[in-house]
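Using our numbering, the first residue of the sequence shown is number 630, and each one after it goes up by one. Contents: one structure, followed by commentary.
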Amino acid sequence: MEDANMEELIRLLNRGVTPFHVVDACVERLEQAGFTGIAYDREWNLQAGGKYYVNHHGSALFAFTVGTEYRTGQMVRMAAAHTDYPTLRIKPAPDFKTKSYAQINVEVYGGPILNTWLDRPLGVAGRVAIKSADPFAPEMCYFESGRPILTIPNLAIHMNRDVNKGVELNPQTDMIPLLGLVDKEEADHDYFMEYLAGELSKQLGHPVQKDAILDYELYLYCTEEAQMVGIRSELLSSPRLDNLTSCHSLVSAMIESTRKDGINLIQLADHEEVGSTSKQGAASILLHDMLRRILRSLGASEDAIDAAAYDAMLVSADVAHAVHPNKVSKADPQVQPQMGKGLCIKQAASQSYATDAQTIAIFAGICEKANVPYQRFVNRSDMRGGSTLGAIASALTPVKTLDIGIPILAMHSARELMGAKDIESLTDAMKAYFSL
630 MEDANMEELI RLLNRGVTPF HVVDACVERL EQAGFTGIAY DREWNLQAGG
680 KYYVNHHGSA LFAFTVGTEY RTGQMVRMAA AHTDYPTLRI KPAPDFKTKS
730 YAQINVEVYG GPILNTWLDR PLGVAGRVAI KSADPFAPEM CYFESGRPIL
780 TIPNLAIHMN RDVNKGVELN PQTDMIPLLG LVDKEEADHD YFMEYLAGEL
830 SKQLGHPVQK DAILDYELYL YCTEEAQMVG IRSELLSSPR LDNLTSCHSL
880 VSAMIESTRK DGINLIQLAD HEEVGSTSKQ GAASILLHDM LRRILRSLGA
930 SEDAIDAAAY DAMLVSADVA HAVHPNKVSK ADPQVQPQMG KGLCIKQAAS
980 QSYATDAQTI AIFAGICEKA NVPYQRFVNR SDMRGGSTLG AIASALTPVK
1030 TLDIGIPILA MHSARELMGA KDIESLTDAM KAYFSL
């Protein structure tokens, strides 16, 4: 089980280079497990024993099961994670030249550790909108370069003697990727847009002119794949551990859950790294509406829907900070999660995590009953920590909420680090949550 779980995670880490590709990979797993796709803009006819998913605008996903012995009033158990990660996004009119170099214009998405993106082989992936005969229905297609076509070169130490003392990087001037070298006779070419049009032509099987590309949501990604490291291969180094570890565990738990009553539901939301305020994000009312629509389709009255929402529970799954061996002082002096020791239950007095005593007790009891190791996480009192979609979602869908996640190092780096055993604890805990 542990090896298969890790192999499936690594497949998602390597394949999930954008939120669109994450959803694509998760849908494939769900369909293989017998889930049926339904559309939000169509009528639903849900049945007891049914397994369903909703692909929401390509970068967000809902999946849910209805127990074979479902009755109105039984508990709804929900969990949420996010599909996006900190990176660089390509701007409109991207092509420009500097001396003999072709470059593209980018902007920062989320809060990446910028210097970790320097000197790496980088690919491009995302979604492209192509002109069609109907202005309201452009041709939408996914794109992935499949190989490194960009890099962001560092400045040599001989030209920046203070680099090892810490140098601030300017996102507009220091993070511009190099696309290639410009020949004199080709100086007026739009290198990237011509490349993109050519690749789309091959992918779609018909000519695509660069002027027909109306817009795109294209991101840079590290082409280096996930890699086991450590003397006993007990660590996993990879891009996108935040938060594809949680996406993987939630999908696995949904597929393998054995609950016969109630409803299980997962939400994989987009745009968490930039505040969640979008139609695909956790700050939309979509989770609230999804819950109500499922219950209504199963015949629940308005009073029964309100009662079910009050009784429901939401687990927000996102990574936590492991204690750093070289920076132990950055952790709380008493509560110091370690990699390889299990998932973390996260809490904060600021309510940046939505956890409270009741939900901690519930989830701790689940873990203990399933023999799943768990730890606790809090921030230092003099250091503001991050936040998750849990607090946002619970404010819009006021249910019992808990924040959990795998402890990692180098969060928001181009490559992050986790303990290999911890994916098993998160997956097993979520399976127990959806099965007990």
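Cβ atoms here follow ideal geometry from the backbone N, Cα and C, with glycine treated the same way.
*According to the neighbour-count rule (16 or more other Cβ atoms, all chains shown, within 10 Å of its Cβ), is ALA960 buried or exposed?*
Your numbering for residue 960 matches position 331 in the sequence shown. Burial call: buried.
_If I follow the unbroken beta strand (DSSP E) through TYR820, where does it start and stop?_
In the sequence shown, residue 820 corresponds to position 191, counting from 1. Element bounds for TYR820: not the beta strand (DSSP E) but the alpha helix (DSSP H), 820-833.
_Cβ shell of LYS1060 (< 7 angstroms), same chain only, five flanking positions each side left out_ = Here residue 1060 corresponds to residue number 431 of the sequence shown, with the count starting at 1. Cβ within range, chain order: ALA882, GLU885, SER886.
*Taking DSSP as the reference, what is the three-state secondary structure of MET630?*
Along the sequence shown, read from residue 1 onward, the residue named residue 630 stands at position 1. Any answer about MET630 is weak, because its pLDDT of 45 lies below 50 and its placement is not dependable; what the coordinates show is given next. In the structure shown, MET630 adopts coil according to DSSP, grouped into three states.
*Could you give the C-beta distance for ILE1037 and LEU972, rounded to a whole number, given that I count them as a contact under 8 angstroms?*
Stepping through the sequence shown from its first residue, residue 1037 is reached at position 408. Stepping through the sequence shown from its first residue, residue 972 is reached at position 343. That pair is no contact at about 11 angstroms.
*According to DSSP, what are the bridge partners of THR727?*
Along the sequence shown, one-based indexing puts residue 727 at 98. TYR730, per the DSSP bridge assignment.
*How should LEU843 be labelled, buried or exposed, when 16 other C-beta atoms within 10 angstroms of its C-beta is the threshold for buried?*
As a working note, residue 843 is residue 214 in the sequence shown. With fewer than 16 other beta carbons inside 10 angstroms of its own, LEU843 counts as exposed.
_For ASP844, report the span of its beta strand (DSSP E) as first-last._
If you number the sequence shown from 1, residue 844 lands on position 215. Unbroken beta strand (DSSP E) run through ASP844: 842-851.
_For GLY1019 and LEU915, what's the separation of their Cα atoms in angstroms?_
By 1-based counting over the sequence shown, the position of residue 1019 is 390. By 1-based counting over the sequence shown, the position of residue 915 is 286. Between GLY1019 and LEU915, the alpha-carbon positions lie close to 14 angstroms from each other.
*Using three-state DSSP, classify PRO1027 as helix, strand or coil.*
For the purposes of this step, residue 1027 is identified with residue 398 of the sequence shown, where counting begins at 1. The three-state reading of DSSP puts PRO1027 in coil, since its state is none of H, G, I, E or B.
*Between which two residues does the beta strand (DSSP E) containing ALA709 stretch?*
Here residue 709 corresponds to residue number 80 of the sequence shown, with the count starting at 1. Under the DSSP assignment, ALA709 falls in the beta strand (DSSP E) whose first and last residues are 705-711.
_Selection from PHE772, ARG1009, ALA936, ASP932 that minimises the alpha carbon distance to GLN963_ = Here residue 963 corresponds to residue number 334 of the sequence shown, with the count starting at 1. Per the Cα distances, ARG1009.
*asked:* Just to check my reading of the structure: ALA710 and LEU865 have Cβ atoms closer than 8 angstroms, yes? What is that Cβ distance to the nearest angstrom?
replied: Position 81 of the sequence shown holds residue 710. Position 236 of the sequence shown holds residue 865. Actually they are not in contact, since the Cβ atoms of ALA710 and LEU865 sit about 17 angstroms apart, beyond 8 angstroms.
*Looking at the structure shown, is GLN661 part of a helix, part of a strand, or coil, going by DSSP?*
Taking the first residue of the sequence shown as position 1, residue 661 is located at position 32. It is helical.
*Through-space distance from ARG671 to VAL796, alpha-carbon basis*: Counted from its first residue, the sequence shown places residue 796 at position 167. Counted from its first residue, the sequence shown places residue 671 at position 42. Straight-line Cα distance between these residues: approximately 53 angstroms.
_Exposure of ILE860, with buried meaning 16 or more beta-carbon neighbours within 10 Å_ = Residue numbering aside, residue 860 sits at position 231 when the sequence shown is read from its first letter. With a threshold of 16 other beta carbon atoms within 10 Å, ILE860 falls short and is exposed.
*Indicate the three-state DSSP secondary structure (helix, strand or coil) for PHE1006 in the structure shown.*
For the purposes of this step, residue 1006 is taken as residue 377 along the sequence shown, with counting starting at 1. Assignment of PHE1006 by DSSP, reduced to helix, strand and coil, places it in the strand class.
*Under three-state DSSP, which class holds LYS1050?*
Walking along the sequence shown from the start, residue 1050 turns up at place 421. DSSP places LYS1050 in the coil class of the three-state scheme, outside both helix and strand.
_Neighbourhood of MET630 by C-beta, 7 angstroms cutoff - its chain only, sequence neighbours within 5 removed_ = Numbered from 1 along the sequence shown, position 1 holds the residue referred to as residue 630. With a pLDDT of only 45 at MET630, under 50, the local geometry of the prediction cannot be trusted, and the value read off the model is given with reservation. Hits under 7 angstroms: none found.
*Taking only the alpha-carbon atoms, compute the straight-line gap between THR647 and TYR682 and give it to the nearest angstrom.*
For this step, residue 647 is matched to residue 18 along the sequence shown. For this step, residue 682 is matched to residue 53 along the sequence shown. Taking the straight line from one Cα to the other gives about 19 angstroms.
*Using the Cα positions of MET707 and GLN896, report the straight-line distance between them to the nearest angstrom.*
Within the sequence shown, numbered from 1, the residue matching residue 707 stands at position 78. Within the sequence shown, numbered from 1, the residue matching residue 896 stands at position 267. Straight-line Cα distance between these residues: approximately 8 angstroms.
_Cβ neighbour criterion (16 or more within 10 Å) applied to PRO624_ = No statement about residue 624 is possible, as the shown extent of the chain runs from 630 to 1065 and does not include it.
*For MET857, which beta-bridge partners are listed by DSSP?*
As a first step, residue 857 is located in the sequence shown; it is residue number 228 there, counting from the start. According to DSSP, which records beta bridges pairwise, MET857 is partnered with LEU865.
*Please name the residue in CYS770, THR697, GLY702, HIS818 whose C-alpha comes closest to that of ALA731.*
For this step, residue 731 is matched to residue 102 along the sequence shown. Ranking the options by Cα distance to ALA731, first place goes to HIS818.
*Could you tell me which uninterrupted beta strand (DSSP E) segments, each at least 3 residues in length, are contained entirely in the region 935-981, listed from first to last along the chain?*
Listed in chain order, the complete beta strand (DSSP E) runs (minimum 3 residues) inside the region 935-981 are 942-946, 972-975.
*What residues are listed by DSSP as bridge partners for GLN801?*
Against the sequence shown, residue 801 aligns to sequence position 172. Checking the DSSP bridge columns, you'll see GLN801 has no partner listed.
_For PRO741 and THR716, believed in contact at Cβ under 8 angstroms, the rounded distance_ = Counting from one through the sequence shown, the residue named residue 716 turns up at place 87. Counting from one through the sequence shown, the residue named residue 741 turns up at place 112. Rounded to the nearest angstrom, the Cβ distance from THR716 to PRO741 is 6 angstroms, consistent with a contact under 8 angstroms.
*Could you spell out the range, first to last residue, of the beta strand (DSSP E) harbouring ASN893?*
Residue 893 sits at position 264 when you count from the first residue of the sequence shown. Start and end: 892-898.
*Residue environment, PHE765, which counts as buried when at least 16 other CB atoms sit within 10 Å*: Position 136 of the sequence shown, counting from 1, holds the residue named residue 765. Of the other Cβ atoms in all chains shown, fewer than 16 fall within 10 Å of the Cβ of PHE765; this residue is therefore exposed.
_Which of the three DSSP states is assigned to TYR1062 in this structure?_
Here residue 1062 corresponds to residue number 433 of the sequence shown, with the count starting at 1. In this structure, DSSP gives TYR1062 a helical state, which the three-state scheme calls helix.
*Which stretch, first to last residue, makes up the beta strand (DSSP E) that contains MET769?*
Against the sequence shown, residue 769 aligns to sequence position 140. Here the beta strand (DSSP E) through MET769 covers 768-773.
*Would you mind giving the Cβ-Cβ distance between SER1054 and PRO1002, rounded to the nearest angstrom? I have them listed as a contact below 8 angstroms.*
Position 425 of the sequence shown holds residue 1054. Position 373 of the sequence shown holds residue 1002. Contact flag correct, Cβ pair sits at about 5 angstroms.
*Do PHE725 and SER688 have their C-beta atoms closer together than 8 angstroms?*
In the sequence shown, residue 725 corresponds to position 96, counting from 1. In the sequence shown, residue 688 corresponds to position 59, counting from 1. In this structure, the beta-carbon distance from PHE725 to SER688 does not fall below 8 angstroms.
*If you draw a straight line from the C-alpha of ASP1057 to the C-alpha of PHE992, how long is it?*
Taking the first residue of the sequence shown as position 1, residue 1057 is located at position 428. Taking the first residue of the sequence shown as position 1, residue 992 is located at position 363. If you draw a straight line from the Cα of ASP1057 to the Cα of PHE992, it comes to about 12 angstroms.
*With distances taken between CB atoms, is the gap from LEU638 to ILE1052 smaller than 8 angstroms?*
Locating residue 638 in the sequence shown gives position 9, where the first residue counts as 1. Locating residue 1052 in the sequence shown gives position 423, where the first residue counts as 1. For LEU638 and ILE1052, yes; Cβs fall inside 8 angstroms.
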